[in-house]
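J.:
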Amino acid sequence: MGHKVHPYGFRLGVIYPWKSNWYAKRDYAEHLHEDIWIRKHIRSRLTRAGISSIDIERKGDQIWVFIRTARPGIVIGRKGAEVDRLRKDIERYTKKRVDVKVEDMNQASSEVRPETDAALLAQGVAEQLVGRVAFRRAMRRAVQTAMRSGALGVRVATAGRLGGTEMGRKEWYREGRVPLHTLRAKVDFGTAEARTTMGAIGVKVWVYHGDEVPYREQETEPVPIEAPPAPAPAESEAPPPADAAPVDVPAAVEAPAAAETEGGEA
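Residues 346 to 611, numbered by this note's numbering, are exactly what the sequence shown covers, in order.
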């Protein structure tokens, strides 16, 4: 059966950057496990915070954690208590200095709004399924919300015991266009899991935001080379000025007649 490649990993280095920015030779496995633990710990602790993505940067013994969320108040907590608790937990696990930065997705400077973020849409559908909302209504509501907010295409898929049936199946709903094979297409992807009384239901969301210029084509356009000016005419070919006096050209002199040959008439 066919499978869909992850839209983000498929476009890494083309239009999307890496979510973990660091370099390591011998400590690569250790850093990788730390990043996995950090993301898992933050999401499990802040399940209602509407977290879209978690980016991690490293330099020496310093770690920067960037949290993009639609509800920054829940992440920060009262007087910054929650974000300080997160920072101390990560420092205790990694034995490194940690700085946690929170980015509000509701600000005008944010690239993606919460209404068109794939991860937040998937979380919203999962919460509705847990609340016993019909899966078709939940999918249609998420698609219409994203399309009204400026998305060019949305696709929502759910899989599991939909509607409480004995056999699991997959249903999906789409509006607009979602080009999965176009690398320059900015396609956001998010997943979530709804744990219902009938079992786990998986939710996947694709959101198409338009095309973006790849990194290799973001260079400045070359300046066109102008043709060199035509060479000036030589002095002998230069036309006389308009106010110059006319020059008298001498009349042509006829050649003298050939001398009479000897022995002509006397």
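Even for Gly, the Cβ is constructed at its ideal location relative to N, Cα and C.
#1: For residue 463, which option in 366, 548 and 365 has the closest C-alpha, if you only look at C-alpha atoms?
#2: Given residue 606, which residues of its chain have a CB within under 6 Å of its CB, disregarding the five upstream and five downstream residues?
#3: Would you decide whether residue 404 is buried or exposed? Buried here means 16 or more other CB atoms lie within 10 Å of its CB.
#4: Express the C-alpha separation of residue 433 and residue 407 in angstroms, rounding to a whole number.
#5: Cβ atoms of residue 360 and residue 529: under 8 Å apart, would you say?
#6: Spell out the partners DSSP gives residue 487 in its beta bridges.
#7: Where does residue 533 land, buried or exposed, given buried means 16+ other C-beta within 10 angstroms?
#8: What are the start and end residues of the alpha helix (DSSP H) that includes residue 379?
#9: Please classify residue 553 as buried or exposed, where buried requires at least 16 other C-beta atoms within 10 Å of its C-beta.
#10: Suppose you measure from the CA of residue 368 to the CA of residue 377; what does that come to, to the nearest Å?
#11: For the region 482-490 against the region 446-455, are there 3 or more C-beta pairs whose distance is under 8 Å?
#12: Assuming residue 401 and residue 365 make a contact with CB atoms under 8 Å, what is their CB distance in whole Å?
#13: Assuming residue 538 and residue 471 form a contact by the criterion Cβ under 8 Å, report the distance between their Cβ atoms to the nearest whole angstrom.
#14: I need the straight-line Cα distance from residue 520 to residue 492, nearest angstrom please.
#15: For the candidate residues 386, 414, 410 and 551, whose alpha-carbon lies nearest to that of residue 395?
T.: Here's the rundown:
#1: Distances from the CA of residue 463 to each of 366, 548 and 365 were compared; the closest alpha carbon is that of 548.
#2: Low local confidence applies: a pLDDT of 47 at residue 606 is under 50, so the model's placement there is unreliable, with the coordinate-based value given in what follows. Nothing meets the Cβ criterion.
#3: exposed
#4: Distance between the alpha carbons of residue 407 and residue 433 is about 13 Å.
#5: yes
#6: BP columns for residue 487 are empty, so no partner.
#7: buried
#8: In the DSSP annotation of this structure, the continuous segment of the alpha helix (DSSP H) that includes residue 379 starts and ends at 373-390.
#9: buried
#10: 11 Å
#11: no
#12: Confirmed, Cβ separation roughly 5 Å.
#13: 6 Å
#14: 8 Å
#15: 414
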